[in-house]
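Here the structure is laid out as structure tokens; the discussion comes afterwards.
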Amino acid sequence: MAIEPRFHALGRWVRETFRPRQTLAQRYAAFRRVLDRDAHTLECLGALHEHLTGADPADAARILWLARESVARARELVRALAPLDASLSQGLGGALVRIGGALPPSPPWPQDPPYVLSLSEAHRFPQRCGGKAVGLSRLLSLGVPVPPGVVLTAQAFGRFLTASGLDTVIARHLRVARVHDPEAVIRACAAIQEAILAADLPDAVEAAVVQAVRALGADVLAVRSSALAEDGKDSFAGQYASEIGVPVEDLLMAIKRVYAGKYCPRAVIYRMRQGLLDMETAMAVLISPLVPAAVSGVLYTQDHHGDKAPVLTVHAVRGLGARLMDGQARPSLFVFSRSDPPRPVLFRDSDATGLDADVLGDLARMGLWVEAQWKTPLDVEWALGPQGVVFLQARPLRVPGQASCAEAPPPDAPLLAADLDRAAPGMACGPVFRAYSGPQYQQIPPGAVVAVVSLAPALSAFMDRIGAIVAEHGSRASHLATVARERGIPVVVGIAPQALPQGAVVTVDGDRGCIWEGCVAGAASPAEERAWSPARWEAVAARTVRLTRLDPAAPDFVPAACQSVHDVVRLAHEGAVRAMLHVTDRRGRGLGRARRLRVDAPFALYVLDLGAGLAAPGRGPVELAQVRSTPLRAVLDGLRAGARHWDGGVFHADWAELDRISGGIVGRESRMLGSFALVDADFAHLGLRLGYHFSRVDALASSRVEANYVRLSLEGGGGAALGQCLRQEWVRQVLEESGFAVSVRAERLEAVYARVSAAATLVACRLAGRLVAALRLQDVALRSADDVTEAVRRFLTHTE
């Protein structure tokens, strides 16, 4: 078994000795493959990092897929490294097996029975029945009038997904779902909804829900969403679908439409922005007889505009409440004090509901009593049916804690509109953008004041772009206004979009119900309220994007110490670059077909083209104008710019090698003593033999920022030990001030400048050339630390 590695080593020696140029080309091709896969992996890690930090919230399916994809891409990188460093490749492959095995799996959907619960018991099972059903069940337990009902549990939803294979389908489509790409979310949601509507409910689920609904004895139903996280810390107001007026024979299809509504684009974006997993909003369904409402509305037990005297407000419309919730109507408004008993403050029956003072008074008293039981202000949906007032939904009401801007003096600016309805508090300014439809929503510029006809719930998917909202129709009782209050976005109602000039900068004052010209003092686009918690993804971050192996000189810069995919990429990149850095020895073996470059500098430079580094084919000398390699040209520019450092008439070759082999017999322009370069259009590997200094410059300046780098290696030198030490310190300070990472080991100094644009890489190449040109004189010119400081200053401020 020990013979085989020796045989391979012998074969490698034969190839490198007798076919050196072919070996160079093969190693360069392997090197470029490594760089390509390095950039491919870092691209994946970069996207993952944006999601994990909350800079671009994404679905868990996308995060976990990117984590696994980063391991797969890193595995390709490690395989590509094998021709350059087989031992390192093998070690990093083992590290990836360990890292990939530590990634958390995708959590399963809960699907254990029972699949149906009565409304009376739902409040005892919040992880089965969802926020809306739990809230209504709690009201029922307090003796508040509510419609009877049953709950199809979240576990029934999980059973439906897994039994039909939809869990896999959904995860695949959600791989593209991220907040900052709503178009991709729209496409993914359309595919998911189509798959849900085409699937069948499991027999056990269907039998349980049909039997329970039959017991209600109703012919027409309300089939409503009740997701697990709904009506809690996050309201999810208007995000999910409910089916009203469903004939009992259409029950099963209505349930599937509610399930499909979970994957409405605005709901998915809202959920991702709040940092919730898909299964954390598993969909329960609340099913009850339809209440044939003469009047419907919303009750806020505490006004959320921050007035000095809090009030209770009732918003009402004729018939069912859809017009109110969808922001299509300006409802009747009834205001009461919060006293016991509540006293009327304002009655404005603009929608001709015909509600009398007794009904409204009873409604106000009931609302304040429930608030006292829940010990928090409430947002209550209600309806007036044949049996009187019933509550349809209750959830905690978010009340702003900051002082109202209305208490401050009004701005000293032209007033464009006043006495508007105040749907959400705050003050923000921005350019007016009129949006009349969904396609225009996608064009909303960041920080815009969006002028719309009505407060449509679909607009909530674009809240991260919006500074303020101005609407012609709607009210603070709409679902969009609820979401706007959660996000701190001011909303006013009562002005047509065309009343504001497109692009004009205005200030929306949601506290006073005004619009001012320009951007007044104290107004700003509201900061996005982030619910995203990076902590929940700590295990994924630790195994993927976190970089812990930083110092190539450290003893733990080895595969066994790698903790993450990023660590593996770091070691693989370092290993590949080092392999190319030493692709030729000091004598430049393998450069037999290199061509002399005619350059105005006192040294001989031989260039071997690895692909597209030179414009002229052939074997003879090549002119500088025929060099296509941008890194080589940049280094040469630097070398020639440092011409003042060259001694007149002195030709610079490898003096140390000349002393060793010939005693001066070999010609000064011999390939054995000259400098050399391996080049491609965007790559250069130079070995510069200038006197007793040997310098390597290795650079890639491509269109892929992640792959670009400049690596400088310096060794040798003449002069006394003190001069060499001071020269090395001068080099270190120059490079670190210029952004290089520098390491020094004995007489060798190495520096790296990486992952910047091609233009910045070429600037660093030019600096490397200037520095190499200046090296020799520093051995004798520097005598103290003060000399070093001054020499660094002169070098960095000198423009040549």
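Here the numbering used here is used: position 357 in the sequence shown is 840, and no number is missing along the way.
For glycine and all other residues, C-beta sits at the position ideal for the given N, C-alpha and C.
Between Ile669 and Pro748 a beta carbon distance of about 5 Å is seen, short of the 8 Å cut, so the two are scored as contacting. In the structure shown, Ser961 adopts coil according to DSSP, grouped into three states. Listed as beta-bridge partners of Tyr1192 by DSSP are Leu1183, Ala1237. Beta-bridge annotation (DSSP): Ile727 is paired with Ala705. About 4 Å separates the beta carbon of Gly913 from that of Gly950, a gap short enough to meet the 8 Å contact definition. Residues of the same chain with a CB within less than 7 Å of the CB of Val1082, apart from the 5 flanking positions on each side, are Leu1088, Leu1107, Leu1119 in chain order. Distance between Gly529 and Val1028, taken at the CA atoms: about 8 Å. Rounded to the nearest whole angstrom, the C-alpha separation of Arg1259 and Phe1159 is 19 Å. Taking a 10 Å sphere around the C-beta of Ala1084, we find 16 or more other C-beta atoms and assign the residue as buried.
The beta carbon of Glu864 is closer than 6 Å to those of Val781, Leu875, Gln876 in its chain, skipping five residues each way along the sequence.
Pairwise C-beta distances place the region 566-575 in contact with the region 1040-1053, as three or more of them are shorter than 8 Å. Distances from the alpha-carbon of Ile546 to those of Gly1058, Val1023, Thr764, Arg707 put Val1023 closest. The alpha-carbon of Ala555 is positioned some 20 Å away from that of Leu567. Rounded to the nearest angstrom, the gap between the Cα atoms of Met1063 and Ser589 is 40 Å. In this chain, the alpha helix (DSSP H) harbouring Ala695 covers 686-697. Pairing Leu1254 with Val1227 gives a Cβ-Cβ distance that is not under 8 Å. Under the three-state reduction of DSSP output, Leu1161 falls in the strand class. Going by beta carbons, Ser961 and Leu938 fall inside the 8 Å limit. With three or more CB-CB distances shorter than 8 Å, the region 897-914 counts as touching the region 967-977. Here Val976 is bridged, per DSSP, to Asp904, Ala954. Classified as exposed, Leu1279 has fewer than 16 neighbouring CB atoms from the shown chains inside 10 Å of its CB.
The DSSP assignment places complete alpha helix (DSSP H) segments of no fewer than 4 residues inside the region 1202-1281 at 1204-1220, 1241-1264, 1268-1280, in order along the chain.
In the three-state reduction of the DSSP assignment, Phe819 falls in the strand class. Residue ranges of uninterrupted beta strand (DSSP E) with 3 or more members, entirely inside the region 768-801 and ordered along the chain, are 778-783, 794-801.
Relative to Gln981, the option among Val915, Pro922, Trp999, Gly1001 whose CA is nearest is Val915. With fewer than 16 neighbouring CB atoms inside 10 Å of its own CB, Arg1102 falls in the exposed class.
By the C-beta density criterion, Pro540 is buried, having at least 16 other C-beta atoms within 10 angstroms. Using a Cβ distance threshold of 8 Å, Leu1197 and Ser1178 count as a contacting pair. Partner residues in a beta bridge of Phe1040, as assigned by DSSP, do not exist.
Nearest neighbour of Ala1095 by Cα position, chosen from Ala918, Val1162, Val627, turns out to be Val1162.
For Ile679, DSSP records no beta bridge to any residue. Looking only at Thr784, Leu735, Asp834, the smallest Cα-Cα distance to Ala847 is reached by Thr784. Sixteen is the threshold: when 16 or more other Cβ atoms of the shown chains lie within 10 Å of the Cβ of Lys615, as they do, the residue is buried.
Distance between Pro609 and Thr859, taken at the CA atoms: about 19 Å. Rounded to the nearest angstrom, the gap between the Cα atoms of Pro1038 and Val1225 is 17 Å. Rounded to the nearest whole angstrom, the C-alpha separation of Ser553 and Thr524 is 6 Å.
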